[in-house]
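Let me begin by presenting the structure, written as structure tokens, before commenting on it.
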Amino acid sequence: MRRPGVGVLLGLVAALAPLSATAQERQPDGPIILLVRHGETTPDGSRDPALSPEGRERALRLAAMLADAGLDAVYTTDYARTRGTAGAVAERLGLEPTVYDPGRLGTFAEALRGGRGRVLVVGHSNTTPALVTELGGDPGTPIREDEHDRLYVLVVDGAEVRTILVRY
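The opening position of the sequence shown corresponds to residue 1395 in the working numbering, with each subsequent residue numbered one higher.
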């Protein structure tokens, strides 16, 4: 069964926002932040394994899914697996990935919340849910080591953050 693209999901989020608002209120005033864990890797005994063929395929699927999402920026940690995942999306959209420090998630979250537009953040099984929490979202259950299909969509509207979890 074909899953809807994130562009459709983001359009739905934008369309439904006014339904819960009064006529005087507007669309969410903050960014829409998409967060994913990197794709599957090939264990090679190092701390920086590359994406496996399955991981590269997942990155390409993510890029296709986000092709119409209207992303303004792509962020990645400085590891081969996250750069590979982010790179597939950024290349498809004509963007240059920006490296962030996963050791400074609080500072990064503050910068993201203060921004505008739509961004993708590629991280790890531990940093992605931690960043969702730092941003005020709900990460749900911990990400298992064999789990690579979560896409968090955080809609920031002032102090309120709505979390939508998509599997891809």
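Ideal Cβ placement from N, Cα and C applies to all residues, glycine included.
For residue j and residue i, the rounded distance between their alpha carbons
i       : j       : result
Gln1418 : Gly1552 : Because the pLDDT of Gln1418 is 47, which lies under 50, any placement of that residue in the model is unreliable, and the number read from its coordinates should be weighed accordingly. Each residue's Cα considered, the two are about 16 Å apart.
Thr1435 : Gly1509 : 31 Å
Leu1454 : Gln1421 : 31 Å
Arg1556 : Val1550 : 7 Å
Ala1482 : Asn1520 : 22 Å
Ala1480 : Gly1449 : 12 Å
Arg1561 : Asp1532 : 15 Å
Asp1495 : Ala1467 : 16 Å
Ala1463 : Arg1486 : 12 Å
Ala1461 : Ile1537 : 25 Å
Residue i, buried or exposed, once every other Cβ within 10 Å from all chains shown has been counted against 16
i       : result
Leu1514 : buried
Thr1522 : buried
Leu1559 : exposed
Thr1535 : exposed
Ala1505 : exposed
Gly1500 : exposed
Val1430 : buried
Gly1478 : buried
Thr1492 : exposed
DSSP state of residue i mapped onto helix, strand, coil
i       : result
Ala1467 : strand
Thr1521 : helix
Thr1492 : strand
Where the beta strand (DSSP E) containing residue i begins and where it ends
i       : result
Leu1548 : Arg1544 to Asp1551
Thr1557 : Glu1554 to Arg1561
Gly1517 : Arg1512 to Gly1517
Leu1429 : Ile1426 to Arg1431
CA nearest to the CA of residue i, picked from the options
i       : options                               : result
Gly1433 : Leu1525, Thr1557 and Asp1540          : Asp1540
Leu1465 : Gly1511, Ser1440, Glu1490 and Tyr1473 : Gly1511
Asp1442 : Glu1485, Tyr1494, Glu1504 and His1518 : His1518
Val1526 : Pro1491, His1542 and Ala1503          : Ala1503
Gly1424 : Val1547, Val1430 and Arg1561          : Val1547
Tyr1473 : Val1516, Asp1532, Glu1448 and Arg1544 : Val1516
Gly1488 : His1542, Ala1458 and Pro1447          : Ala1458
Thr1470 : Asp1543, Leu1428, Leu1529 and Glu1554 : Leu1428
Arg1498 : Pro1491, Leu1529 and Gly1439          : Leu1529
Start and end residues, alpha helix (DSSP H) containing residue i
i       : result
Thr1476 : Ala1474 to Leu1487
Arg1507 : Leu1499 to Arg1507
Gly1449 : Pro1447 to Met1459
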